[in-house]
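Worksheet: the structure to be examined is printed underneath.
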Amino acid sequence: MTGKRVLLIVGGGIAAYKCLELVRRLSERGVGVRVVMTKAAQEFVKPLSFASLSGEKVQTELFELTDEVEMGHIELSRSADLLVVAPATADLMAKLANGLANDLASTLLLATDTTVLMAPAMNVRMWEHPATQRNLEALKGDGVLFVGPNEGGMACGEYGPGRMAEPMEIVAAVERQFAAGPLTGLTALVTSGPTHEPIDPVRYIANRSSGRQGVAIAEALASAGAAVTFVTGPAEHATPLGCKVVPVETAAQMRAAAGAALPADIAVFAAAVADWRVTSADGRKIKKDKSGAPPALELTENPDILAEISALPPGKRPRLVIGFAAETNDVLKNARAKRLRKGCDWLIANDVSETGGAMGGTQNQATLITADAEENWPRETKTSLAARLAERIAAWASENETAEC
Ligand code: CTP
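Take the sequence shown: its letters are residues 19 to 423, numbered as in this note's numbering.
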């Protein structure tokens, strides 16, 4: 971690005193720490304590003339390799989740293009409050990373989740962030989940995809160091950690979001995109016909996102495009033809028949089909399959790097 720079934003909570220890432990490891304190944080610890330990001036005000001349707040937020917020109070989380910027800490958080790691600390009821949980999900969706909170007794006398992670746990999370993975420096797009195609305001066409495989792949790529944009249809499964999440509903929205995520080095199309949409979805609920005749739904084929992105010219096309083939019969034969038809580099064929059980289940058995090889992978959990795929992608990245040299 030597030579790395952390901007530590200290929020107003009793756990602020633990951040003195955090600064010491990071400094010992050669990390340069610059501290920003909120007004409330200064009620718990004096800026001088942090200044003594970090050897740097502690910033507290948004408008300090000399600082604006020496280093503007934009520059301050971008000169770091990582922003750490500890303790991340309910207030700081709410501000960033909602894009508020009315003091130095919140302005820095909004102005940065650097990864943000939050260590929340608050009363258990505040942590469990739906508003905080909403903000947590929104922040995760924006790619903010979290360490803690831990469960235990709190300064306020209550017990439960809300204690800030211990300084060494935060150091470990920082270390993980700085450890270069095999995909560090690469960008990836992952599509996931089903799409919902409206019939009328209350009904839609959908499928059984849970989004589990896509989440696992996005997390595996992010853990390997890639900057991942995760475009997901309305899936029941939780969103992946450490990725930028773009929620969509229809195939048309997924196509637009996938296009907006380019350029990317790697694209994995794990979404079970609905093949058809209702040609003119009704703006009003369709009522039953008195004669008992069912409504005639006219369907139009959806755009094939994978085929479109595979057909982009070099420079715009991701260098590695990976599709999935959901098949119920003649799995390999259909999948081989599908790879050629869609123009992707790799295709992961899986059996989604009831006996195959991949769709909606936790396990998967796949065959990786490339231009010149086929690998049969064992039946395994979707997490394990994702790790295997990330490893294969890392091997591709390292071969390509060698080729480019
Ligand atoms: N796909 C896509 N856009 C679509 C349909 C599929 O991007 N409109 C992608 C899927 O994400 C997957 C691959 O194409 O990576 C194959 O999806 P699959 O459902 O197996 O194939 P289809 O193209 O729908 O073909 P068919 O239904 O005839 O098997």
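Each residue gets a CB set at the ideal place from its N, CA and C atoms; glycine is no exception.
Remember, predicted model here, so these are calculated numbers, not experimental data.
query                                                                                                     : result
Beta strand (DSSP E) runs wholly inside the segment 300-364, at least 3 long, in chain order              : 317-319 and 338-345
Alpha helix (DSSP H) segment containing residue 192, residue limits                                       : 185-196
Own chain residues within Cβ distance below 8 Å of residue 126, not counting five before or after         : 25, 27, 54, 91, 94, 95 and 101
Neighbour flag for residue 54 against chain D, beta carbons, 8 Å                                          : You won't find chain D in this structure, because it holds only one protein chain.
The segment 171-178 / the segment 209-222 touching (three or more Cβ pairs under 8 Å)                     : no
Those residues which DSSP pairs with residue 171 across a bridge                                          : 177
Pairwise C-alpha distance: residue 63 and residue 283                                                     : 45 Å
Near the ligand CTP: residue 320 beta-carbon under 7 Å from a heavy atom                                  : yes
Residue 324: CB within 7 Å of a non-hydrogen atom of the ligand CTP                                       : yes
For residue 235 and residue 288, believed in contact at Cβ under 8 Å, the rounded distance                : 6 Å
Simplified DSSP assignment, three categories, for residue 141                                             : coil
Three or more C-beta pairs below 8 Å linking the segment 293-303 and the segment 242-252                  : no
Beta-carbon proximity list for residue 34, same chain, < 7 Å, skipping 5 on both sides                    : 28, 59, 62, 63 and 105
Opening and closing residue of the alpha helix (DSSP H) in which residue 62 lies                          : 59-62
8 Å Cβ cutoff met for residue 406 and residue 395                                                         : yes
For residue 381: DSSP bridge partner residues                                                             : 399
Counted within 10 angstroms of its Cβ, other Cβ atoms place residue 303 as buried (16 or more) or exposed : exposed
Closer than 7 Å: residue 291 CB and nearest the ligand CTP heavy atom                                     : yes
Residue 116 burial status per 10 Å Cβ neighbour count (16 or more: buried)                                : exposed
Nearest to residue 113 (by Cα), restricted to the options 23, 149, 43 and 143                             : 149
The ligand CTP heavy atom lying under 7 Å from the CB of residue 356                                      : yes
Cβ-heavy atom distance, residue 229 to the ligand CTP, below 7 Å                                          : no
For residue 20, the nearest candidate out of 81, 48 and 254 (CA to CA)                                    : 48
Short Cβ contact (8 Å threshold) for residue 38 with residue 71                                           : yes
For residue 136, the residue or residues it bridges with in DSSP                                          : 103 and 164
Unbroken alpha helix (DSSP H) run spanning residue 65, endpoints                                          : 65-72
Boundaries of the alpha helix (DSSP H) in which residue 148 is found, first to last residue               : 148-159
Within the segment 201-286, ranges of the beta strand (DSSP E) (whole runs, at least 3 residues)          : 205-210, 215-218, 221-223, 245-250 and 262-265
For residue 41, the three-state DSSP class (helix, strand or coil)                                        : helix
Closest by C-alpha distance to residue 279, when choosing among 371, 205, 243 and 99                      : 205
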